[in-house]
Amino acid sequence: MSSPPHTPPHTPRTSRAPDVLVVGGGIIGLVTAWRAARRGLVTALVDPEPGGGAAQVAAGMLAAVTELHYGEETLLALNLASARRYPEFAAELTEATGQDLGYRRCGTLAVALDADDRAHLRELHALQQRCGLESEWLSGRECRRLEPMLAPGVRGGLRVDGDHQID
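Just so you know, we're using my numbering here: the sequence shown kicks off at 1304 and counts up by one.
Next up, the structure:
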């Protein structure tokens, strides 16, 4: 038995060649196509596996400070600029779609469960400090005060108030 032929999920509104061709329907591709279309450009988006991208890896976190990595300090200015623009973008998208994105500026608490985690977070905290970023080292007790459901063995953590998330 043969399967039915594949039909595109969206019929183009025009037969005109696109001004913009976006390859990839993940969050970056979708936003790029949306912004181009809002500017009046005829836009085509193609994706060989819709919904199969890697966007789920971030789990909705927008954490420029917490997700700083050694060797990526040059990306920091771009990440921070993006984070500053995100509230306005979220409001624009909510207005355009009528859907609540679940955007919150709630900060991040990264916790250490063992000595290796603690050493890693201490090094990250030092890197954040060298880069002029705001973060606070907390004891295990202080972490549990902020989040009572944490395990008793939490050894410490980093609190970053400026991070955002999308639910």
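Beta carbons: idealized from backbone N, C-alpha and C, even for Gly. Predicted model only: the values in this text are computed from it and were never measured.
For Leu1324, I'd like the list of residues in its chain whose CB is within less than 6 Å of its CB, leaving aside the five on either flank, ordered along the chain. Around Leu1324: Ala1347.
Per-residue DSSP class, three states only, for Glu1426: Glu1426 falls in the helix class under three-state DSSP.
For Gln1468, which residues does DSSP report across the bridge? For Gln1468, which the question treats as bridged, DSSP gives the partners Met1364, Arg1407.
Quick one: grab the DSSP three-state call for Ser1306. With a pLDDT of only 47 at Ser1306, under 50, the local geometry of the prediction cannot be trusted, and no value is derived from it.
If you drop the 5 nearest sequence neighbours on each side, which residues of the same chain put their C-beta closer than 7 Å to that of Tyr1373? Closer than 7 Å at the Cβ level, and outside the excluded window around Tyr1373, lie Leu1430.
Using the three-state DSSP reduction, which class does Arg1338 fall into: helix, strand or coil? The answer is helix: DSSP assigns Arg1338 an H, G or I state.
Counting only the same chain and skipping the five closest in sequence on each side, list residues whose C-beta sits under 6 Å from that of Ala1367. Here the set comprises Asn1382, Leu1383, Ala1386.
How close, in whole Å, do the beta carbons of Ala1413 and Leu1461 come, if the pair is a contact with beta carbons under 8 Å? The pair is a contact, with the Cβ atoms about 5 Å apart (cut-off 8 Å).
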